[in-house]
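These notes are about the structure you will find just below.
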Amino acid sequence: GAVVSQHPSWVICKSGTSVKIECRSLDFQATTMFWYRQFPKQSLMLMATSNEGSKATYEQGVEKDKFLINHASLTLSTLTVTSAHPEDSSFYICSAPGLAGDGQFFGPGTRLTVL
Amino acid sequence: AQSVTQLDSHVSVSEGTPVLLRCNYSSSYSPSLFWYVQHPNKGLQLLLKYTSAATLVKGINGFEAEFKKSETSFHLTKPSAHMSDAAEYFCVVSPGTGRRALTFGSGTRLQVQP
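Sequences listed follow chains C and E, in order.
Letter by letter, the first sequence follows residues 848 to 962 in the working numbering.
Letter by letter, the second sequence follows residues -3 to 110 in the working numbering.
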């Protein structure tokens, strides 16, 4: 089946620094990828839709200048958390849709801890 | 617009007994519905999906779900729980074929007692 990878799987950074998270579709092309955030013991919330070759679409309440998304190729989308703060600590998960009816394939997630 | 409601935040069963995780949905479109499982510190794994074919959907690990349009429900069941089934389960809805963004339910934590 289709595989989506994320890197890194976990990262700890100091407050004020920026962190880049990569999402790759390993054996298929994805013109669209989705970024979700999951706080402890909560459900996944959609942050943004990443579109290859064009600007990302952000959900209401998500700061586009803080969460920079770049979808530079058909197999790679990156999420950069700029000037991270402790409240940005969360589990970030990406997904890519498969063929019609296949649903979506999720990456393993990246746990971000901001000190 | 679409939404999904998981009626129980926690469900506890004994090993070997049936499992029922309840889900109701709302969608303006003919929806695709999914159940995903998330084990601690692990990624999401697709259990099963409904995409307008058979209303009774069989998934992995003995799970199945029935799409009931009249009740707007998509409950997840398993005849006999196993210890390894303990995890967080998410009911998910998407418009159309599931290629668009997913809307997640709040999750149900399943505990399996020995």
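Don't be surprised by glycine CBs; every beta carbon is placed ideally from N, CA and C.
- Flag this pair as yes or no: are the beta carbons of Ala895 of chain C and Ala943 of chain C separated by less than 7 Å? Counted from its first residue, the first sequence places residue 895 of chain C at position 48. Counted from its first residue, the first sequence places residue 943 of chain C at position 96. Not closer than 7 Å, so no.
- Message: Please classify Phe886 of chain C as buried or exposed, where buried requires at least 16 neighbouring CB atoms within 10 angstroms.
- Response: Sequence index remark: in the first sequence, residue 886 of chain C carries index 39 (1-based). Label assigned to Phe886 of chain C: exposed.
- If Val88 of chain E and Tyr46 of chain E are in contact, beta carbons under 8 Å, what's the gap, nearest whole angstrom? As a working mapping, residue 88 of chain E is identified with position 92 in the second sequence. As a working mapping, residue 46 of chain E is identified with position 50 in the second sequence. So it is not a contact: roughly 11 Å between Cβ atoms.
- Item | the region 73 to 87 of chain E in contact with the region 49 to 60 of chain E per 3-pair CB rule at 8 Å | Yes, the region 73 to 87 of chain E touches the region 49 to 60 of chain E.
- Message: Please tell me whether Phe70 of chain E has its Cβ less than 7 Å away from any Cβ of chain C.
- Response: As a first step, residue 70 of chain E must be located in the second sequence, where it is residue number 74. Interface flag for Phe70 of chain E against chain C is unset, since no Cβ pair is found closer than 7 Å.
- Where Phe100 of chain E meets chain C, residues with beta-carbon distance less than 7 Å: Here residue 100 of chain E is taken as the residue at index 104 of the second sequence, counted from 1. Per Cβ cutoff of 7 Å: Ser890 and Leu891.
- Item | Whether Asn20 of chain E touches Thr1 of chain E by CB criterion (7 Å) | Against the second sequence, residue 20 of chain E aligns to sequence position 24. Against the second sequence, residue 1 of chain E aligns to sequence position 5. Yes, the pair counts as a contact, with Cβ atoms nearer than the cut-off.
- Query: Quick one: what does DSSP say Pro933 of chain C is sitting in, helix, strand or coil?
  - Reply: Within the first sequence, numbered from 1, the residue matching residue 933 of chain C stands at position 86. Helix, per DSSP.
- Contact list for Thr896 of chain C against chain E, beta-carbon separation under 9 Å: Residue 896 of chain C sits at position 49 when you count from the first residue of the first sequence. Going along chain E in sequence order, the residues near Thr896 of chain C (Cβ under 9 Å) are Arg96 and Ala97.
- Query: So, is His918 of chain C buried or exposed, given that buried needs 16 or more other C-beta atoms within 10 angstroms?
  - Reply: As a working note, residue 918 of chain C is residue 71 in the first sequence. Looking at its Cβ environment, which holds 16 or more other Cβ atoms inside 10 Å, His918 of chain C is buried.
- Query: Between Leu915 of chain C and the rest of its own chain, which residues show a CB-CB distance below 7 Å, the 5 nearest in sequence each way excluded?
  - Reply: Taking the first sequence and counting its residues from 1, one reaches residue 915 of chain C at position 68. The answer, listed in chain order, is Thr927 and Thr929.
- Where does Ser66 of chain E fall in DSSP's three states? Residue numbering aside, residue 66 of chain E sits at position 70 when the second sequence is read from its first letter. Collapsing the DSSP output to three states places Ser66 of chain E in coil.
- Answer yes or no: do Ile868 of chain C and Thr960 of chain C have a C-beta to C-beta separation smaller than 7 Å? Here the question's residue 868 of chain C lines up with position 21 in the first sequence. Here the question's residue 960 of chain C lines up with position 113 in the first sequence. The answer is no: Cβ separation not under 7 Å.
- Since Ile56 of chain E is in the beta strand (DSSP E), which residue starts that stretch and which ends it? Counting from one through the second sequence, the residue named residue 56 of chain E turns up at place 60. It is not in any beta strand (DSSP E) - Ile56 of chain E carries neither H nor E in the DSSP assignment.
- Message: Against Gly956 of chain C, what residues of chain E qualify as contacts under a CB-to-CB distance less than 7 Å, listed in chain order?
- Response: Your numbering for residue 956 of chain C matches position 109 in the first sequence. Chain E residues near Gly956 of chain C: Gly39.
- Through-space distance from Leu40 of chain E to Phe63 of chain E, alpha-carbon basis: Numbered from 1 along the second sequence, position 67 holds the residue referred to as residue 63 of chain E. Numbered from 1 along the second sequence, position 44 holds the residue referred to as residue 40 of chain E. The alpha-carbon separation between Phe63 of chain E and Leu40 of chain E amounts to approximately 21 Å.
- Starting from Tyr46 of chain E, follow its DSSP beta bridges and name the residues at the other end. Counting from one through the second sequence, the residue named residue 46 of chain E turns up at place 50. Looking at the DSSP assignment, Tyr46 of chain E forms a beta bridge with E:Leu29.
- Item | Classification of Pro27 of chain E by the beta-carbon crowding that lies within 10 angstroms, buried from 16 upward | Counting from 1 along the second sequence, the entry for residue 27 of chain E is found at position 31. Burial of Pro27 of chain E is indicated by the presence of at least 16 other C-beta atoms within 10 angstroms of its C-beta.
- Query: If you draw a straight line from the C-alpha of Leu921 of chain C to the C-alpha of Leu3 of chain E, how long is it?
  - Reply: Here residue 921 of chain C refers to the residue found at position 74 of the first sequence. Here residue 3 of chain E refers to the residue found at position 7 of the second sequence. The straight-line gap separating the alpha-carbon atoms of Leu921 of chain C and Leu3 of chain E is approximately 38 Å.
- Name the residues in the region 22 to 56 of chain E whose C-beta lies less than 9 Å from a C-beta of chain C; which are they? Interface annotation for the region 22 to 56 of chain E against chain C: Ser28, Phe30, Tyr32, Gln34, Asn37, Lys38, Gly39, Leu40, Gln41, Leu42, Lys45, Thr47, Ser48 and Ala49, criterion Cβ-Cβ distance under 9 Å.
- Excluding the five sequence neighbours on either side, which residues of its own chain have a C-beta within less than 7 Å of the C-beta of Ala83 of chain E, listed in chain order? Taking the first residue of the second sequence as position 1, residue 83 of chain E is located at position 87. Closer than 7 Å at the Cβ level, and outside the excluded window around Ala83 of chain E, lie Val33, Gln34, His35 and Leu106.
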